[in-house]
Every structure is written in structure tokens, then in C-alpha cells.
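When the count follows this note's numbering, it moves up by one through the sequence shown with no breaks and lands on 521 for the last residue.
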Amino acid sequence: MMKKQILTQLFIHNEFVDSADKRTFDTINPATEEVIASVQRGNAADVELAVASAKNAFVSWRDVSGPARRDLMLKYADLMEENAQYLAEIESLDNGKPVSIARDVDIQLGIKCLRYFSGWADKISGKTIPTEDTSSMSFTIHEPVGVVGGIIPWNFPILMYIWKIAPILATGCTCVIKSSEKTPLTALLMAQLAKDAGFPAGVINVLSGYGPDCGKALAMHPDVDKVSFTGSSKVGHEIVKYSGASNLKKVQLELGGKSPLIICDDADLEQAADAAHIGLFLNHGQCCCASSRIFVDAKIHDKFVEMCVERAKKIAIGTEEGKFQGPQVDKIQFDKILGYIESGKTEGAKCVLGGNRLGDKGYFLEPTIFTGVKDDMKIAKEEIFGPVMQLMKFDTIEEAIERANTTSYGLAAGVCSTNIAKAMGIAKRLNAGTIWINKYDDFDAALPFGGYRESGWGRDKGEYALDNYTEIKVVNFPVNNYDA
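So, in C-alpha cells, the structure goes:
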């Protein structure tokens with residue numbers, strides 16, 4: 038078991054060190070609004086050191102055999118499992134999600150993801166390719182791209198760390214991970230576990246810091262070969278600019294969404310209400326693929342509203358064991374969501390549940406449901422990232438599909454219908470990277486995840502993710518020199 042301590046330094050070359058200028062920032066417990074710890078604040082000078090470490094480590098790490106990388110990854114996953122309770126406690130403290138959700142959902146998904154990608158470490162291969170020159174032979178090799186800058190969000194800190202790290206390690210890349218300034222603590226604990234697992238110095242480096250001085254320096258660095266970013270579409274645009282202004286490094290983006298869920302009149306309403314409930318209220322609504330535009334057939338609308346309200350009223354709020362919804366991550370998000378709720382009321386939507394702060398301490402909000410939402414309302418167009426459900430009527434499937442696709446995003450979508458041919462027909466026409474049918478938020482490690490349009494480039498998870506971290510090399514040579 039790892040020592041139970043809160044780590045606050047940067048992790049560079051397998052050592053915990055202070056930032057170059059010794060500056061720190063406070064990380065806040067969103068349930069109490071109290072300071073947990075002061076954390077070293079990484080800047081451009083620290084990025085230089087971390088990238089140099091990763092670059093030097095890549096020279097030898099790239100040649101470590103697939104089975105050896107696999108075994109290290111499996112050891113890493115075992116250590117996560119062994120320390121799951123403590124990781125969950127710190128995740129809850131720093132992020133606000135209930136301890137049991139952090140332990141039994143986020144961390145378990147992370148462990149499964151690590152073990153899944155460990156299985157790919159010794160199976161990445163190219164192809165032999167026949168050409169018109171029959172006296173030559175050609176084949177491809179998939180080589181690690183090099184040093185990867187991974188920038189992770191605050192909504193699923195440990196899980197997003199693993200979504201980046203797992204394919205990086207499996208393909209033989211090295212990395213510098215920048216955690217969110219809102220939730221820096223568990224990435225540092227994961228760095229300690231990486232050292233305990235036996236990863237060589239420089240393979241994994243972890244920096245805590247802010248986007249403008251740490252994230253930008255990482256994305257602009259000429260020795261970083263690829264950036265993998267999960268966060269807002271606004272910052273995603275900036276990451277692309279940084280790549281263009283530096284070395285045209287590869288860019289992978291998993292960005293925002295305003296995901297539709299279509300409830301057909303022939304849906305199993307219990308199943309559909311469960312899908313809508315999980316789709317919106319999971320992680321306090323702080324989910325990039327949240328089903329934040331729920332289109333309900335007019336014939337079943339009123340009954341469906343009742344079922345959604347019934348479920349939302351039962352949400353257990355708090356951070357301790359057995360609760361479902363904790364506080365929003367910080368005051369910025371808390372105030373932003375309250376602003377959206379006020380906007381919904383002002384623009385004429387009907388708030389049938391919640392809509393207020395819960396208590397007077399911590400960033401807790403009541404689960405909130407709006408009906409009578411119109412497509413041009415702010416709450417129907419913008420990503421709220423909170424426990425605020427929008428229910429919208431439709432009359433025809435054609436109308437629902439057209440309205441569902443009227444967005445600049447395309448991360449996820451859902452359909453609920455007992456007619457699978459109908460559901461598949463709708464799914465085919467929805468412009469999104471993931472379509473769930475009669476369920477929502479299945480994040481199996483084997484399933485690629487990513488979006489269309491302003492929801493990003495590339496895919497996390499699954500075999501498809503490996504393509505993001507490799508370069509394809511062609512080798513061609515003659516085979517007709519019998520005297521050689």
C-alpha cells in the first residue's frame with residue numbers, strides 16, 4: 038500500500054520537485070470551500086525540464102519489448118487496485134464526486150483501461166504489402182510517435198489520466214501530463230504509483246499548473262511530438278493554433294458536446310427514463326457527452342417528464358459513501374450553472390424541479406429539470422456542464438433528427454425505441470461519434486470514444502486509439518539478389 042499523504046510537488050524524471058520559481062496555487066475542497074493544500078505551480082521552465090526528461094527516456098523506452106511494457110502496465114493496474122480506496126478519498130476531496138462513485142466507477146474503469154491496453158503492448162504490428170515490383174518486398178512498421186503532451190480535464194481526473202497514459206505506454210511513447218489546476222492531487226498520486234510499478238525515469242512526468250503558462254508551453258514545445266487534449270472546444274481551437282505556430286505536432290482533441298437523446302413513442306419508458314437520468318445526472322452533469330438535449334415524442338412527453346422528475350427527486354446528495362451527486366467542482370462552474378438556470382427561466386422554459394443552490398456551504402446544486410425548452414434558448418444551445426436537464430417535445434422522427442443534428446458539436450447521442458430497426462435507422466443519421474441505443478454512458482475500454490466537428494479529432498480508448506500514438510514507416514527492398 039502506498040503511504041497516505043497528499044503530494045504537492047511536480048513529478049519530473051521520477052522525482053518530486055518544486056517548481057522552478059517556487060510559486061504555488063491552492064486546491065479547494067468543493068464540498069467545504071476550504072483549502073486542501075498548496076500545490077507547486079508548473080511553468081515554462083518546468084515544461085523544459087519535463088520534456089527533456091521524456092525525450093531522453095524515449096531513446097531507450099521505445100526499444101523496451103512489448104511484453105516488458107505489458108508487465109509494467111499490469112503492475113501499475115494492480116497498484117491502482119490495491120490503493121483504490123485512498124485514491125477515491127483524495128479524488129472525492131479534490132473533485133467533489135462521492136467516494137463510492139470515484140472508487141467503484143472511475144477507478145475501476147481506469148484499472149480496466151490499463152489492463153486492456155496492456156494487452157495491445159505486444160500486438161502492435163504492420164503489414165506486408167504486395168506491389169507491382171515482384172522482385173521487391175515491402176512492409177510497414179508502426180513506431181511510437183515520441184514525446185506526448187497530455188492535457189487532462191477536471192471532471193474525471195484519474196480516469197482521463199488513464200485514457201491518456203494507457204495507449205501512450207502501450208505504444209512505447211513517453212509523456213508529460215498536465216493535470217487541471219482545479220484537480221491536481223490524484224495525478225500526482227498516480228505518478229507515485231508509476232514509480233512504484235517500476236517505470237523508468239522520464240517515461241511519465243506530471244505537472245500541475247494553469248493553461249496559459251504551463252499548458253501553452255507544453256503545446257508549443259518543439260520537442261513534443263504530439264498533444265492529446267481533453268477539455269473545452271474553445272481551448273481545443275487554441276491547441277491547434279499552438280501546433281501550427283510551433284512544429285506542426287500531431288493533435289488529438291476530445292472536446293465539448295451538446296448531446297441529443299431521442300425518446301420515441303414506442304420506447305420502454307422505464308428503460309428510457311433510466312438512460313436519460315444517467316445520461317444527464319452522471320457526475321453531477323459534468324460530463325462532455327451528457328444527454329443535455331432530450332427530445333421526447335409529444336405523445337409520451339408528460340408521462341416521461343413525471344418519470345424523470347421522480348428519479349431526480351431521489352438523488353442522494355453528498356460526497357460520502359452511497360451518495361450519487363456531489364458539489365460542482367468550483368465556484369466558477371457553480372456560478373456559471375446558476376447563470377444558465379436563470380437564463381432558462383428568463384427565456385421562458387418551465388423549471389419543474391430544483392433550480393437553486395443546496396445549502397449554504399459547498400458548491401452544491403439541486404438537480405434541475407426544465408420543460409418547454411425551445412431550440413433557440415441558451416440552455417438548449419450551450420454546454421451547461423451541470424445537473425440541469427432539458428426536455429423538449431417533438432412530433433415526427435424526421436423533425437427530431439433534424440433538430441438533434443442542429444449543433445456544432447458531435448460527441449455522442451442516444452435513441453430509445455423497442456423497434457431496433459427504427460433505432461438503427463435513427464442512429465445512422467445522427468452526426469456523432471458514439472450512439473447509445475436504449476442505454477447511455479457505457480464507457481467500455483474497447484469502445485473508441487471521440488467526436489465529429491467541434492467535439493474533436495481522433496479517438497480515445499479501443500484499438501483505434503493506438504493510431505493516435507504511432508507513425509507508419511514503410512520498408513522496401515529487393516529480394517532477387519541470389520548471389521548475396
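Glycine is no exception: its CB is placed at the ideal position from the N, C-alpha and C atoms.
The structure displayed is predicted, hence computed values, not measured ones.
Where residue 461 and residue 455 are concerned, what is the direct C-alpha to C-alpha distance, given to the nearest angstrom?
-> 11 Å
Evaluate residue 140 with the Cβ neighbour count: other Cβ atoms within 10 Å of its Cβ, from every protein chain shown; 16 or more gives buried, anything less gives exposed.
buried
* Asked: Cβ atoms of residue 150 and residue 191: under 8 Å apart, would you say?
  -> no
Next item on the list: Pull up the distance between the alpha-carbon of residue 137 and that of residue 175, whole angstroms please.
Entry: 53 Å
Excluding the 5 residues preceding and the 5 following residue 74 in the sequence, name in chain order all residues of the same chain whose CB lies nearer than 8 Å to its CB.
43, 45, 63, 64 and 222
### Message
Could you compute how far the alpha carbon of residue 240 sits from the alpha carbon of residue 282?
### Response
26 Å
Going by DSSP, which residues form a beta bridge with residue 450?
Listed as beta-bridge partners of residue 450 by DSSP are 472.
For this session: Starting from residue 204, follow the alpha helix (DSSP H) in both directions and report where the run begins and ends.
Result: 194-208
Q: Taking all protein chains shown into account, decide if residue 458 is buried (16 or more other Cβ within 10 angstroms of its Cβ) or exposed.
A: exposed
Practice task
Classify residue 212 as helix, strand or coil using the three-state DSSP reduction.
Solution key: Correct three-state label for residue 212: strand.
Out of 284, 354 and 408, point me to the one whose CA is closest to residue 343's CA.
-> Nearest to residue 343 by alpha-carbon distance, out of 284, 354 and 408, is 408.
Practice problem: Mark residue 114 as exposed unless 16 or more other C-beta atoms lie within 10 angstroms of its C-beta, in which case mark it buried. | Solution: Result: buried.
Distance between residue 396 and residue 388 (C-alpha atoms, nearest Å): 19 Å
Check your understanding: When the Cα of residue 267 is compared with those of 501, 486 and 112, which residue comes out closest?
Key -> Comparing Cα positions, the closest option is 486.
Discussion item. Within 10 Å of its beta-carbon, does residue 229 have 16 or more other beta-carbons around it, so buried, or fewer, so exposed?
Written reply: buried
query: What three-state label does DSSP hand residue 401 in the structure shown?
result: coil
Item to check | Close Cβ partners of residue 335 (< 6 Å) along its chain, the five nearest in sequence each way excluded | outcome: 430 and 432
**Prompt:** From 444, 481 and 350, pick the residue whose C-alpha is nearest to that of residue 469; which is it?
**Reply:** 444
Rounded to a whole number of angstroms, what is the C-alpha to C-alpha distance between residue 125 and residue 144? 7 Å
Q: Express the C-alpha separation of residue 310 and residue 262 in angstroms, rounding to a whole number.
A: 44 Å
Item checked: Cut-off 6 Å between Cβ atoms - residues of its own chain near residue 50, not counting five sequence neighbours on either side -> 90, 238 and 239
ask   = Alpha carbon to alpha carbon, how far is residue 341 from residue 177?
value = 54 Å
Practice task
Could you name the residues of the same chain whose beta carbon sits closer than 6 Å to that of residue 166, not counting the 5 residues immediately before and after it, in chain order?
Solution key: 175
### C-alpha gap between residue 370 and residue 295, whole angstroms
17 Å
### Query
If we ignore side chains and look at the alpha-carbon of each, how far apart do residue 297 and residue 492 end up?
Between residue 297 and residue 492, the C-alpha separation is close to 14 Å.
| Can you tell which of 97, 101 and 153 has the C-alpha that lies nearest to the C-alpha of residue 481? | That would be 153, whose Cα lies nearest to the Cα of residue 481.
Where the alpha helix (DSSP H) through residue 344 begins and ends
338-350
| task | Please check if any C-beta of chain C sits within less than 8 Å of the C-beta of residue 372. | result | No chain C appears in this structure, which consists of one protein chain only.
- Item | Top-ranked residue by Cα proximity to residue 306, from 501, 400, 57 and 475 | 475
Item to complete: Consult DSSP for residue 179 and reduce its assignment to one of helix, strand or coil.
Response: strand
For the beta strand (DSSP E) that contains residue 512, what are its first and last residues? For residue 512, the enclosing beta strand (DSSP E) covers residues 507-515.
For a minimum of 4 consecutive residues, which ranges assigned as the alpha helix (DSSP H) are wholly contained in the region 42-105? 81-98
Q. Hey, quick one: how far does the alpha helix (DSSP H) through residue 429 stretch, first residue to last?
A. First-last for residue 429: 425-431, but that is the beta strand (DSSP E), not the alpha helix (DSSP H).
TODO: Would you check if the distance between the CB atom of residue 98 and the CB atom of residue 503 is smaller than 8 Å?
DONE: no
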